[in-house]
Amino acid sequence: ACRSEQLVRDLTGLGFADVTQDYILSKEYVELILQEYNYKLPTGSAKAQVTAQTVYDELRTPVNPRQLQRRPPVVTIMGHVDHGKTTIIDHLRKSSVVSQEHGGITQHIGAFQVVTPVSKKKITFLDTPGHAAFLKMRQRGANITDIIVLVVSIEDSIMPQTVEAIRHAKNSGNETIIAVSKIDKISQPKERERALERVTADLIAHGIPLEQVGGDVQMVPISARTGENMDLLEESIVLLSDVMDIKAENSSKVAAEGWVLESQVNKSVGNVATVLLKKGCLQKGNILVCGNTFCKVRNILDSAGKGVSKAMPSDAVEVIGWKELPEAGDQVIQAKNEATAKKYNAKRMALLEVEAQAANVERLNQERGLSRGLNDGHAADEARENGDEDEDEEQQHLPAGPQKVNFIVKADVTGSVEAINESIGSLGNDEVVCNIVSSGVGPPTGNDLKMAQITNGKILCFNLGSLPSEVINNRSGVDVRQYNVIYKLIEDVTSVLTDSLPAIY
Ligand code: GDP
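Residue numbers for the sequence shown follow this note's numbering, so the first one is 1186 and each next one is one higher.
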């Protein structure tokens, strides 16, 4: 007991706040403490840590710049509701490769390809950009889109969701093309001219560098109803993708890589996943890993449901032969053989378990800290009021490592709670991370407020309707924020994390 008391004293000396004998140290802290006691760390510990999320990266073939080949651009259509996205997609789908070959019958598999009328080049369009899978892919740093077509109605010009789409386009680093939609609605040439000028001015005011003012963003006035200028829109996409020089390795010698756009169980063929291929050449008989499952590719279907022999980069195909159903938004990587796939599936599962345990340790510390806080909260409050604590000074002794920003998540149903925890739990970098102190269903309770106060956390409420004013205007001054749209919440958490970083001069 004596030695452990000494350790607790030493740790406090090192700058750990509130350390008691039941405090569980994280691996990072243990490493720091060992350094402090002049212990040499075992070699290899400096190596980048493999996590469940990165373990499949070991299967990838490194990029060989000399093997890069042009691939079709992958395009997402965004814009305000009712500005004509669906109508544009339907129009494009009718001219898609397979619908021309198969009399107009295309299935919705999450993406389709067109061959442009003049230049005869391929474009891949994603047809469900609002989808949860896209959110998941974006959070994993996957930018599966190359070009965003931003639709702006000639009648309404810029609306709230247009502004959001502009922000997204800027943050994602994607190139943008503006499609001014529904031009058939204004037939009088002078009037149409004036309306276009208004849209142009609004876009420029929102920081879009249009060609008209010497920038490089093309603007194409279209009508998806009459088809006017739809060919021009497609050719503008081709022109932009030529400038972007979009490439990938397409040889079957490299490990194929892609993302699951959609997945479902089909009564006759079993588990099916739409895979957007990013690299390599996918063929029957290939072995793929994805999430907790793997696939021996039995069949590959195009968006007409027709069997094809292979898929190339930027193709979206249905892949059949999955052991378990893979999840939309998960990455797919080719493994050499079934034994390797199984080995990596097992490795990932083991890492997931370790990570879950580590997360439990964090929670345990927090709970222990919290119960102490609840027990002697009064004393702590008094101490603070008397100025007994000099927090600034304490900060300087804190061990290095990412700064944690604490959140408490409250939402309408378990599904939302899980979705939010999953979405924001992984946000952050090596300087700052999002830390979910607790989460649950229903409006914030007194305990949640207490917890937020003790951990200096913010309470995030999702889909909870109007909250009691005692919660919103709580006396403890806890920051309670409300959301109805998940990506608004994610954006806000991201900006809180960014804002909490010290300024760099
Ligand atoms: P979304 O919400 O952005 O997908 O918009 P929709 O494609 O569903 O279109 C919203 C409404 O505008 C529908 O009633 C469409 O028929 C209509 N619409 C879409 N594009 C055009 C167009 O080019 N011209 C005209 N006149 N109406 C259009």
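Every residue gets a Cβ at the ideal spot worked out from N, C-alpha and C, and that includes glycine.
Problem set entry | Where the beta strand (DSSP E) containing V1240 begins and where it ends | Boundaries cannot be given for V1240, as no beta strand (DSSP E) includes it and DSSP labels it neither H nor E.
Exercise. Applying the criterion that 16 or more other CB atoms from any shown protein chain within 10 Å of the CB defines a buried residue, is K1528 buried or exposed?
Worked result: Under this definition K1528 is an exposed residue.
Problem set entry | In DSSP terms, what A1409 is bridged to | BP columns for A1409 are empty, so no partner.
Exercise. Going along the chain, which residues of its own chain have a beta-carbon closer than 6 Å to the beta-carbon of T1246, five neighbours each way excluded?
Worked result: Same-chain partners within the cutoff: V1439 and A1440.
Problem set entry | Terminal residues of the beta strand (DSSP E) in which K1279 lies | In the DSSP assignment, K1279 falls outside any beta strand (DSSP E) and lies within the alpha helix (DSSP H) extending over K1270 to K1279.
Exercise. Nearest CA to the CA of I1329: which residue from Q1542, V1445 and G1586?
Worked result: A check of alpha carbon separations from I1329 across Q1542, V1445 and G1586 identifies V1445 as the nearest.
For this session: Please list, in chain order, all residues of the same chain as G1572 whose beta carbon is under 8 Å from its beta carbon, the five residues on each side excluded.
Result: Unreliable placement is indicated for G1572, whose pLDDT of 46 sits below 50; the coordinate value is still reported in the next sentence. Excluding sequence neighbours, G1572 sits near nothing in its chain.
Problem set entry | Cβ pair count under 8 Å reaching 3, the stretch 1290-1303 against the stretch 1353-1370 | The answer is no - the stretch 1353-1370 does not touch the stretch 1290-1303, with fewer than three Cβ pairs under 8 Å.
For this session: Pick out whichever of P1258, S1601, A1520 and L1219 has its Cα sitting closest to the Cα of L1461.
Result: Per the Cα distances, P1258.
Exercise. Where does G1631 fall in DSSP's three states?
Worked result: Note: G1631 maps to helix in three-state DSSP.
For this session: For D1577, name the three-state secondary structure that DSSP assigns.
Result: Caution is warranted here: a pLDDT of 43 is assigned to D1577, below 50, making its placement in the model unreliable, and the coordinate value is therefore given only provisionally. It is helical.
Problem set entry | L1649 beta carbon less than 8 Å from that of D1684 | No, the pair does not count as a contact, with Cβ atoms beyond the cut-off.
Exercise. Going by alpha carbons, who is nearest to S1338 out of G1358, I1675 and T1272?
Worked result: Scanning G1358, I1675 and T1272 for the CA closest to the CA of S1338 turns up T1272.
Problem set entry | Span separating the alpha-carbon of A1496 from that of I1343 | Going by the C-alpha atoms only, they are around 38 Å apart.
Exercise. Using the beta-carbon count (16 or more within 10 Å), is E1540 buried or exposed?
Worked result: Exposed: under 16 other Cβ atoms inside 10 Å.
Exercise. Looking at K1432 and ligand 3, is the gap between the Cβ and the nearest heavy atom below 7 Å?
Worked result: Absent from the structure shown: ligand 3. Ligands present: ligand 1.
For this session: Express the C-alpha separation of G1358 and L1320 in angstroms, rounding to a whole number.
Result: Cα to Cα, L1320 sits roughly 15 Å from G1358.
For this session: Find out if the Cβ-Cβ distance for the pair V1474, A1520 is shorter than 8 Å.
Result: Yes; because the gap between Cβ atoms is below 8 Å, this pair is in contact.
Exercise. Touch check for the stretch 1652-1665 and the stretch 1621-1640: three-plus C-beta pairs under 8 Å?
Worked result: Yes, they touch.
Problem set entry | Whole runs of the beta strand (DSSP E) within the stretch 1377-1459, excluding any shorter than 3 residues | Entirely contained in the stretch 1377-1459, the beta strand (DSSP E) runs reaching 3 residues are, in chain order, 1404-1406, 1432-1434 and 1442-1451.
Exercise. Does the Cβ of R1410 lie closer than 7 Å to at least one heavy atom of ligand 1?
Worked result: The nearest non-hydrogen atom of ligand 1 is less than 7 Å from the C-beta of R1410.
Exercise. On the three-pair Cβ rule with 8 Å, is the stretch 1343-1354 touching the stretch 1398-1409?
Worked result: Contact fails between the stretch 1343-1354 and the stretch 1398-1409, because fewer than three Cβ pairs, one in each stretch, are under 8 Å apart.
For this session: Give a yes or no on whether the C-beta atoms belonging to E1512 and G1476 are separated by under 8 Å.
Result: Yes; because the gap between Cβ atoms is below 8 Å, this pair is in contact.
Problem set entry | F1319 - DSSP class collapsed to helix/strand/coil | It is helical.
Problem set entry | Host beta strand (DSSP E) of C1619 (start-end) | Secondary structure note for C1619: its beta strand (DSSP E) is the uninterrupted segment V1617 to V1626.
Exercise. Leaving out the 5 sequence neighbours to the left and right, which residues in its chain are closer than 7 Å to A1354 when beta-carbon positions are compared?
Worked result: So the qualifying residues of the chain are I1333, L1335 and T1361.
Problem set entry | Where A1364 falls, given that 16 or more other Cβ within 10 Å makes a residue buried | By the neighbour-count rule (16 or more Cβ atoms within 10 Å), A1364 is buried.
For this session: Enumerate in chain order the residues of its own chain whose CB-to-CB distance from E1509 is below 6 Å, with the five nearest sequence positions on each side excluded.
Result: Result list for E1509: T1478, in chain order.
Exercise. Across which residues does DSSP place E1503 in a beta bridge pair?
Worked result: Beta-bridge annotation (DSSP): E1503 is paired with T1459 and L1486.
Problem set entry | Local Cβ density within 10 Å of P1250, reported as buried at 16 or more and exposed below that | Per the 10 Å Cβ criterion, exposed.
Exercise. If you compare alpha carbons, which of I1393, K1375, K1589 and Q1324 is closest to R1352?
Worked result: When only C-alpha atoms are compared, the closest one is I1393.
Problem set entry | Enclosing alpha helix (DSSP H) for R1194 [first to last residue] | Secondary structure note for R1194: its alpha helix (DSSP H) is the uninterrupted segment C1187 to L1199.
For this session: Take the Cβ of N1530 as the centre, count every other Cβ of all protein chains shown within 10 Å, and call the residue buried at 16 or more, exposed below.
Result: By the neighbour-count definition (other C-beta atoms within 10 Å, threshold 16), N1530 is a buried residue.
Problem set entry | At least three beta-carbon pairs within less than 8 Å, the stretch 1667-1680 to the stretch 1606-1618 | The stretch 1667-1680 is in contact with the stretch 1606-1618.
Exercise. In whole angstroms, what separates the C-alpha of N1641 from that of I1593?
Worked result: So the alpha carbons of these two residues sit roughly 10 Å apart.
For this session: Just the C-alpha distance for L1196 and R1256, rounded to the nearest angstrom, thanks.
Result: Between L1196 and R1256, the C-alpha separation is close to 56 Å.
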